[in-house]
Amino acid sequence: MMAALVRHGETVASWMLDPLPGRLASAERGAGAWLDGRKATTGPATAPAAALRGAVLRRFLPDALAGHLASARPRLADLSPGTGCAGADYPAVVTGVQDFILYWRTLPRDHAPGVLFAPEAGGAAQRLDGSPYRPAQHARPGLLVARNTATWHQALAALVPSPAD
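For the sequence shown, the residue numbers in the numbering used here are 17 to 181.
This is the structure:
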């Protein structure tokens, strides 16, 4: 279950409850993120791109990007299809279970809570062009979430073809 408080187009508070283990992730803009009542932080650790573990939700990917990702697999340690549940994926990035997750479809019900949670914990959550996610711009595809900014850039370089490609 996921909920977000959006004011003037910006997510200012969020909650993600995974009812099976009873895990609650929450965040407040400018005040931080919490996981089960404890401050959540991603840490600055980075790994070489070849050691990164992540997920790509492929269901809505355009064919050109899906084809490029088939060749990206060897450049990363692990590329999984993801859980299909953003409420579980965002905490997985923050806790280090995953280094990154790439989403194509960006509906607010799936991403407004997590896009606040990850950065408030020290992670990065941005559009593929580096711009911020805004719930009202959900028709714009592409969102990359990573443990930190350096990992975001590494994952982007491994996953998304550059304009010269």
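Just so you know, even glycine gets a beta-carbon here, dropped at the ideal spot from N, CA and C.
Of the choices the options, whose alpha-carbon is the least far from that of residue i?
i	options	result
ARG163	TYR106, LEU33, ARG143	TYR106
VAL28	VAL176, ALA173, LEU132	LEU132
GLY46	PRO157, ALA173, GLU26	GLU26
TRP120	ALA65, ALA93, GLY100	GLY100
GLN153	VAL113, ARG125, PRO78, ASP94	ARG125
LEU60	ALA173, VAL176, GLY112, ALA155	The displayed chain sequence assigns Pro, not Leu, to residue 60. Taking only the C-alpha atoms, the option nearest PRO60 is GLY112.
Can you find the residues in the same chain that come closer than 6 Å, C-beta to C-beta, to residue i, ignoring five residues on each side of it along the sequence?
i	result
TRP50	SER42, ALA56
ALA19	TRP31
SER178	none
MET17	LEU33
Residue i: buried (16+ other C-beta within 10 angstroms of its C-beta) or exposed?
i	result
HIS127	buried
PRO129	buried
LEU123	exposed
Identify, in the order they occur along the chain, each residue of the same chain with its Cβ nearer than 8 Å to the Cβ of residue i, setting aside the five sequence neighbours on each side.
i	result
GLN142	PRO148, TYR149, LEU159, LEU160, TRP168
Which first and last residues belong to the beta strand (DSSP E) in which residue i is found?
i	result
ALA20	18 to 23
I'd like the list of long-range same chain contacts for residue i, defined as Cβ closer than 7 Å, with 5 residues on each side in sequence excluded.
i	result
SER96	ALA71
GLY146	none
Quick test of the definition: if touching needs 3 or more C-beta pairs under 8 Å, does the stretch 39 to 59 touch the stretch 127 to 146? yes
Is the number of C-beta pairs between the stretch 30 to 44 and the stretch 71 to 90 that are closer than 8 Å three or more? no
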